[in-house]
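Numbered continuously in UniProt numbering, the sequence shown closes out at residue 474.
What follows is a set of notes on a single structure, which appears directly below.
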Amino acid sequence: MRARWNRLRALGPSSVAGQIALLIVAAVVVAHALATLAFFTLREPWRPDDHPGVAATRIATVTRLLDGASPADRPALLANAARMLPTLRLEAWDGKPADTAAPEAGDRISDHPMVQRLRDGFARPLAITDLRGGSRTAEAPVGVKVGIETPGGARLSALVPDDDRPPMRQGAIIFTFVFLAVVVSVISLYATRALTAPLARLAEAADVFGTRMNLVDLPENGPREVVAVSRALDRMRARVRRLIDDRTQMLAAISHDLRTPITRLRLRAEFIEDEHARSMTLRDLDQMNGLVEAALSFVRDGQAPEGGVKTLVDLASVVQTVADEFADIGADVRVAETRHVLVQARPDELQRAIVNLVDNAVKYGGGARLSVTQTERGVAVEVSDDGPGIPEGERDAMLQPFVRGDRARNLDTASGFGLGLSIVLAIVESHEGRLTLRNRTPRGLSARIEMPRAAAVAGAPASPAVDPGTRAAA
Numbered sequence: 001m002r003a004r005w006n007r008l009r010a011l012g013p014s015s016v017a018g019q020i021a022l023l024i025v026a027a028v029v030v031a032h033a034l035a036t037l038a039f040f041t042l043r044e045p046w047r048p049d050d051h052p053g054v055a056a057t058r059i060a061t062v063t064r065l066l067d068g069a070s071p072a073d074r075p076a077l078l079a080n081a082a083r084m085l086p087t088l089r090l091e092a093w094d095g096k097p098a099d100t101a102a103p104e105a106g107d108r109i110s111d112h113p114m115v116q117r118l119r120d121g122f123a124r125p126l127a128i129t130d131l132r133g134g135s136r137t138a139e140a141p142v143g144v145k146v147g148i149e150t151p152g153g154a155r156l157s158a159l160v161p162d163d164d165r166p167p168m169r170q171g172a173i174i175f176t177f178v179f180l181a182v183v184v185s186v187i188s189l190y191a192t193r194a195l196t197a198p199l200a201r202l203a204e205a206a207d208v209f210g211t212r213m214n215l216v217d218l219p220e221n222g223p224r225e226v227v228a229v230s231r232a233l234d235r236m237r238a239r240v241r242r243l244i245d246d247r248t249q250m251l252a253a254i255s256h257d258l259r260t261p262i263t264r265l266r267l268r269a270e271f272i273e274d275e276h277a278r279s280m281t282l283r284d285l286d287q288m289n290g291l292v293e294a295a296l297s298f299v300r301d302g303q304a305p306e307g308g309v310k311t312l313v314d315l316a317s318v319v320q321t322v323a324d325e326f327a328d329i330g331a332d333v334r335v336a337e338t339r340h341v342l343v344q345a346r347p348d349e350l351q352r353a354i355v356n357l358v359d360n361a362v363k364y365g366g367g368a369r370l371s372v373t374q375t376e377r378g379v380a381v382e383v384s385d386d387g388p389g390i391p392e393g394e395r396d397a398m399l400q401p402f403v404r405g406d407r408a409r410n411l412d413t414a415s416g417f418g419l420g421l422s423i424v425l426a427i428v429e430s431h432e433g434r435l436t437l438r439n440r441t442p443r444g445l446s447a448r449i450e451m452p453r454a455a456a457v458a459g460a461p462a463s464p465a466v467d468p469g470t471r472a473a474a
């Protein structure tokens, strides 16, 4: 079935413009076809003589004329009417029913729609008898042969169309056009969705690759332009992944290879007799070793490896563990608000991200306050401090590798290498989360990690959501 549908699609235009034009033309053709079908289905005959309503009105008019005329004038009047309206088969009637008429024929004819129209047109009681008889032949005229007797004594027989369709009502017309609009809308929406589905898949693949570097299958069918963009994006993804892998391997190799000469230099520095020279050399080696460790950590944690398995992690436990570790070394770190929420995460990476934020808060703000709150989309971990904050124009730059907040100082006195926040950002994005930085009032910085929630722990205490700025001010 799918192969047949693909063959049918191959017969149509391959460009976006051609498919949109085909969609518009098809919608117009379908609308006209449905409207024409409804018109011919609901309409009554165009010929006045075959029109049920016209026939009933004419018979009622002739009947009124005969009822109002004198008995002597009725035969001539009926003959003239029969000559002018031959399809109605107007004839004189002696008042006798058909010889082969069934006993219940009178009851059946009273319920006939044409008889009801005739009585409505006459506007007075009429005695109507079924003159069709009980037998039918191929040569018998199509219609209802009835005998009519007026209150004034006039008698005639007539043949009216045997059409039992009720008159067209306004509701039927409205329903027809509503049905037409619904059908055309459904067809148009389905065709439009089929046309734009490759574009949606292409946008999804580009977004996933741009945020998490994951590969999603690109559309291989659709308009010619979409296929061309898909192939170009696939080639671009391959080049980007190759560049990232080369950079990662190069950085990892350099950082790894530097450990050996640093270790040898450290051993040689121990033999320096000058105490000051030895301490300065060891300090430089410590900084070099710290830079190597930071680079390796950035390669390991900052690239968000896809092979790591995510498990259910209690975020409150991770936050409390980090706070206890910093408190054990004398840092002013405490948990101001928490609640137990489960998230899908890699525990080591998540803890590393929170440790980096707390380390920055302690380093530049003298302490940190942590909180875990529930949000509409999941859970948020917020780390606040009372430091100088980050100017608004520099927040995006601070998330880039090797960019430090103390850029006025040189490497000799710097306490970091500018990789902490970039590692946090990479870890958060690999968990489909979001990292935001904002300054607090009157001073301080608030770093907020938002992650999707996996499940809530049953019976966990529900802490009210508090605005970070209000909590920090308190």
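Positions of the beta carbon are idealized from the N, C-alpha and C atoms, including for glycine.
Buried/exposed call for residue i, threshold 16 Cβ in 10 Å
i: A304; result: The pLDDT assigned to A304 is 46, lower than 50, so where the model puts this residue is not dependable; a value taken from the coordinates is nonetheless given after this. Buried.
i: F326; result: buried
i: T129; result: buried
i: G420; result: buried
i: L357; result: buried
i: M398; result: buried
i: V333; result: buried
i: V319; result: buried
i: P52; result: buried
i: G18; result: exposed
i: R74; result: buried
i: R241; result: exposed
i: S446; result: buried
i: P86; result: exposed
i: G444; result: buried
i: G433; result: buried
i: V28; result: exposed
i: P125; result: exposed
i: T470; result: Confidence at T470 is low in this model, with a pLDDT of 33, below 50, so the placement of that residue should be treated as unreliable; the coordinate-derived value is given next. The residue is exposed, with fewer than 16 neighbouring Cβ atoms inside 10 Å.
i: E392; result: exposed
i: L243; result: exposed
i: V226; result: buried
i: D359; result: buried
Cβ-Cβ distance between residue i and residue j below 9 Å
i: T373; j: R339; result: yes
i: R201; j: L218; result: yes
i: I59; j: L37; result: no
i: V381; j: R453; result: no
i: E149; j: G95; result: yes
i: residue 505; j: E450; result: The requested residue 505 does not occur in the structure, where the chain is confined to residues 1 to 474.
i: P223; j: L195; result: yes
i: residue 476; j: V424; result: Limits of the chain in this structure are 1 at one end and 474 at the other, which puts residue 476 out of reach.
i: T61; j: G121; result: yes
i: G147; j: S157; result: yes
i: A127; j: T63; result: no
i: L88; j: A55; result: yes
i: N289; j: I262; result: yes
i: L233; j: A205; result: yes
i: V428; j: A353; result: yes
i: F209; j: R231; result: no
i: V362; j: V322; result: no
Where the beta strand (DSSP E) through residue i begins and ends
i: K363; result: Not the beta strand (DSSP E): K363 falls in the alpha helix (DSSP H), residues P347 to G365.
i: P125; result: Counting along the chain, P125 falls outside any beta strand (DSSP E), and DSSP gives it neither H nor E.
i: I148; result: V144 to E149
i: A54; result: Position check: residue 54 holds Val in this sequence, whereas Ala was assumed. Here V54 belongs to no beta strand (DSSP E); instead the alpha helix (DSSP H) covers P52 to G68.
i: R434; result: R434 to N439
i: V313; result: T311 to D314
i: I449; result: L445 to P452
i: A397; result: Unbroken run through A397 is the alpha helix (DSSP H), R395 to M398; no beta strand (DSSP E).
i: L156; result: R155 to V160
Residue range of the alpha helix (DSSP H) that includes residue i
i: R334; result: No alpha helix (DSSP H) contains R334, which is instead part of the beta strand (DSSP E) from D332 to E337.
i: R74; result: R74 to M84
i: R132; result: Note, R132: premise wrong, no alpha helix (DSSP H); not H, not E.
i: G378; result: No alpha helix (DSSP H) holds G378; the beta strand (DSSP E) holding it covers G378 to S384.
i: L425; result: G420 to S430
beta-carbon residue i near the ligand GTP non-hydrogen atom, thresh 8 Å
i: G95; result: Ligands in the displayed structure: none, and consequently the ligand GTP is not present.
The region 385-400 touching the region 358-367, judged by at least three CB pairs closer than 8 Å: Because the criterion of three Cβ pairs below 8 Å is met, the region 385-400 and the region 358-367 touch.
Within the region 187-274, ranges of the alpha helix (DSSP H) (whole runs, at least 4 residues): Qualifying alpha helix (DSSP H) stretches, in chain order: 224-269.
Three or more C-beta pairs below 8 Å linking the region 341-351 and the region 312-326: Output reads yes: the region 312-326 touches the region 341-351.
Meets three-Cβ-pair contact criterion under 8 Å: the region 181-197 and the region 113-124: No contact exists between the region 181-197 and the region 113-124.
Stretch-stretch touch, CB-based, cutoff 8 Å, three pairs: the region 239-258 with the region 270-280: No: fewer than three Cβ pairs fall under 8 Å.
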